[in-house]
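**Student:** Dumping the structure here so I can ask a few things about it.
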Amino acid sequence: MVREAATGQAIDRAAAALSAGKLVAFPTETVYGLGADATNAQAVAAVFAAKGRPRFNPLIVHVPDVAAAAELAEFSEHAELLASAFWPGALTLVLPRRPGSEIAELVSAGLASIAVRVPAHPIAVSLLRATGRPIAAPSANRSGHVSPTTAAHVEADLGNRVAIILDAGPTSLGLESTVVDVTGPSPVVLRLGGIARAALAGVLGRPVPFAGGEPNRPASPGMLARHYAPQTPLRLGAREVRTGEALLAFGAAVPRHAGVMLNLSRSGDLIEAAANLFAHLRHLDGLGAAGIAVMPIPQEGLGEAINDRLLRATRPA
Ligand code: TXA
Ligand code: MG
């Protein structure tokens, strides 16, 4: 059975599965997470496919301690105060991503920031230590369903998509982590959760506004995150390449052209294409080409999320 009591042996098998690029569901003190090796873009793409998310929301990277978090992200004074007060715990910090970090671009959907959390659950921490890599994990539910607080909920939603579900009983909080954006001078809450705003304010000695509560700010969680948008204009659905354009190809039938070409997936695999999307876009954007011609991507499976992101990249932020 895919759901197993979270013994030491089961944790070791889960760690091996993660290292092999498979998905593992694991308990945290907030809700169960659907984990993938955060340095493996294909594994991260498989998370989006398993959840059936129609778009690429950025994911939270889980690490066992503050030192591991500091390797991935830059901590301001505010961030350090919040981390020392609430980690391990139900707080996610959105921080500037360290340049050259090994975290797959897809984890933060191409953004320059990264969301990090040190969970306060012994099984989650054991799994992180056994894996020896950061684990990207959204809540382990299908898109549109509520977050799972038991392993049975996870099994019902995702039982056929994961290598193993580590069962450690119901989660103690049952509410997701509070997400705080500390990339700017004034921290703001992007998602309300297990840590109250008043507790954050107590530590920082200043109010921490909820971004969703302010006028002219989008209310849905995480939507304050600016979407990654290339500087070079994109031309979608391209079947030929025009002079000066670079090509973002998909599939084996690539039009003839003189410029630079990167292929999202030569074999037409949408999971591979999702894994390559942000890194390829960033690379082509850096060439200073007149434009980027993007071949048509089928609107099925992860193609829906890929097309959503490409479409939004053609619009001003
Ligand atoms: O309690 C939790 O946070 C659980 C457990 C498994 O850790 N995870 C969870 O993940 O709820 P998820 O993917 O369902 O929600 C992550 C939230 C989303 O609102 C997302 O937009 C936001 O975090 N987020 C992640 N990275 C971000 C970034 N770089 N900038 C802004 N928001 C970000
Ligand atoms: Mg969720």
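Heads up, the sequence shown is in my numbering, so the first residue is 1 and it goes up one at a time. Each residue gets a CB set at the ideal place from its N, CA and C atoms; glycine is no exception.
#1: Take G205 as the anchor and find which of S19, H78 and P230 has the nearest alpha-carbon.
#2: Can you look up E29 in the DSSP assignment and give me helix, strand or coil?
#3: Hey, could you find the ends of the alpha helix (DSSP H) I271 is sitting in?
#4: For the ligand MG, enumerate in chain order all residues having a CB closer than 7 Å to any of its heavy atoms.
#5: Have a look at E176, A20, F48 and P170 and flag the residue whose alpha-carbon is nearest the alpha-carbon of G325.
#6: For V44, is the beta carbon positioned less than 7 Å from some heavy atom of the ligand TXA?
#7: Check whether the Cβ of S113 lies closer than 7 Å to any heavy atom of the ligand TXA, and answer yes or no.
#8: Buried or exposed: where does T183 fall if 16 or more other Cβ atoms within 10 Å of its Cβ makes it buried?
#9: With contact counted as at least three CB pairs below 8 Å, one residue from each stretch, are the stretch 264 to 276 and the stretch 5 to 15 in contact?
#10: For the alpha helix (DSSP H) holding H257, just list the boundary residues, first then last.
#11: Touching or not, the stretch 156 to 174 and the stretch 52 to 69, by the rule of three or more beta carbon pairs under 8 Å?
#12: Any heavy atom of the ligand TXA inside 7 Å of the beta-carbon of A229?
#13: Please specify which runs of the alpha helix (DSSP H), each continuous and at least 4 residues long, are wholly inside the stretch 57 to 120, giving them in chain order.
#14: Would the C-beta of L59 count as close to the ligand ADP, meaning under 7 Å from any of its heavy atoms?
#15: Do you know offhand how far I306's Cα is from L277's?
#16: Considering only residues of the same chain and omitting the five flanking positions on each side of V125, which have a CB-CB separation below 6 Å?
#17: Suppose the cutoff is 8 Å on Cβ atoms and the five residues either side in sequence are ignored; what does the same chain contact list for E176 look like?
#18: Can you give me the Cβ contacts of G222 inside the same chain, cut-off strictly under 8 Å, excluding the 5 residues immediately before and after it?
#19: Among residues of its own chain, excluding the 5 on either side of A109, which ones have a beta-carbon nearer than 6 Å to its beta-carbon?
#20: Say the cut is 7 Å; is the CB of R98 nearer than that to a heavy atom of the ligand TXA?
#21: Can you tell which of V66, I297, Q42 and R315 has the C-alpha that lies nearest to the C-alpha of A120?
#22: Regarding S108 and the ligand TXA, is the C-beta to nearest heavy atom distance less than 7 Å?
#23: Please report the Cβ distance between I60 and T92, rounded to the nearest whole angstrom; I am assuming they are in contact, meaning their Cβ atoms lie under 8 Å.
#24: Considering only DSSP beta bridges, list what T178 is partnered with.
#25: Within a Cβ cutoff of 6 Å, which residues of the same chain sit near L234, ignoring the five residues on either side of it in sequence?
#26: When you compare the CB positions of A85 and V203, do they come within less than 8 Å of one another, or not?
#27: Per DSSP, what kind of secondary structure is S139 in: helix, strand or coil?
#28: Does any heavy atom of the ligand TXA sit closer than 7 Å to the C-beta of A90?
**Tutor:** Taking the definition as stated:
#1: For G205, the closest alpha carbon among the candidates S19, H78 and P230 is that of H78.
#2: Coil, per DSSP.
#3: Per DSSP, the continuous alpha helix (DSSP H) segment holding I271 begins and ends at L270 to D285.
#4: Close to the ligand MG, as judged by a C-beta nearer than 7 Å to any of its heavy atoms, are the residues P138, S139, N141, S147 and E176, in chain order.
#5: Residue 325 is absent from the structure shown; the chain starts at 1 and stops at 317.
#6: No, since every heavy atom of the ligand TXA falls outside the 7 Å radius drawn around the Cβ of V44.
#7: A heavy atom of the ligand TXA is found nearer than 7 Å to the CB of S113.
#8: Buried, since its Cβ has 16 or more Cβ neighbours within 10 Å.
#9: With the cut-off at 8 Å, the stretch 264 to 276 and the stretch 5 to 15 do not touch.
#10: Unbroken run through H257: none, as it is neither H nor E.
#11: No, because fewer than three Cβ pairs between the stretch 156 to 174 and the stretch 52 to 69 fall closer than 8 Å, the two stretches do not touch.
#12: No; taking the cut-off as 7 Å, the Cβ of A229 has no heavy atom of the ligand TXA nearer than that.
#13: Segments of the alpha helix (DSSP H) lying fully in the stretch 57 to 120: 66 to 72 and 77 to 86.
#14: Looking at this structure, you won't find the ligand ADP anywhere; what it does contain is the ligand TXA and the ligand MG.
#15: One C-alpha to the other measures close to 8 Å.
#16: Here V125 has P64 as same chain residues with Cβ atoms under 6 Å from its own Cβ, once five neighbours each way along the sequence are excluded.
#17: If we look at E176 and ignore the five residues flanking it on each side, its Cβ neighbours are T30, V31, A90, S139, S147, R191, G193 and G194.
#18: The predicted position of G222 is uncertain, since its pLDDT is 43 and thus under 50; a value taken from the coordinates is nonetheless stated next. Its chain contains N57, P58, V179, L190 and R191 as the residues whose beta carbon lies nearer than 8 Å to that of G222, once the 5 sequence neighbours on both sides are disregarded; these appear in chain order.
#19: Excluding positions up to five away in sequence, the list reads F56 and P58.
#20: Not so, every heavy atom of the ligand TXA lies at least 7 Å from the Cβ.
#21: Nearest neighbour of A120 by Cα position, chosen from V66, I297, Q42 and R315, turns out to be V66.
#22: Yes, the beta carbon of S108 sits closer than 7 Å to at least one heavy atom of the ligand TXA.
#23: Rounded, the Cβ-Cβ distance is 5 Å, consistent with contact.
#24: According to DSSP, T178 bridges with L91.
#25: Excluding residues within five positions, the ones whose Cβ falls inside 6 Å are I292, V294, A313 and T314.
#26: Yes, the Cβ-Cβ distance between A85 and V203 is below 8 Å.
#27: Strand, per DSSP.
#28: Flag set: Cβ of A90 near the ligand TXA.
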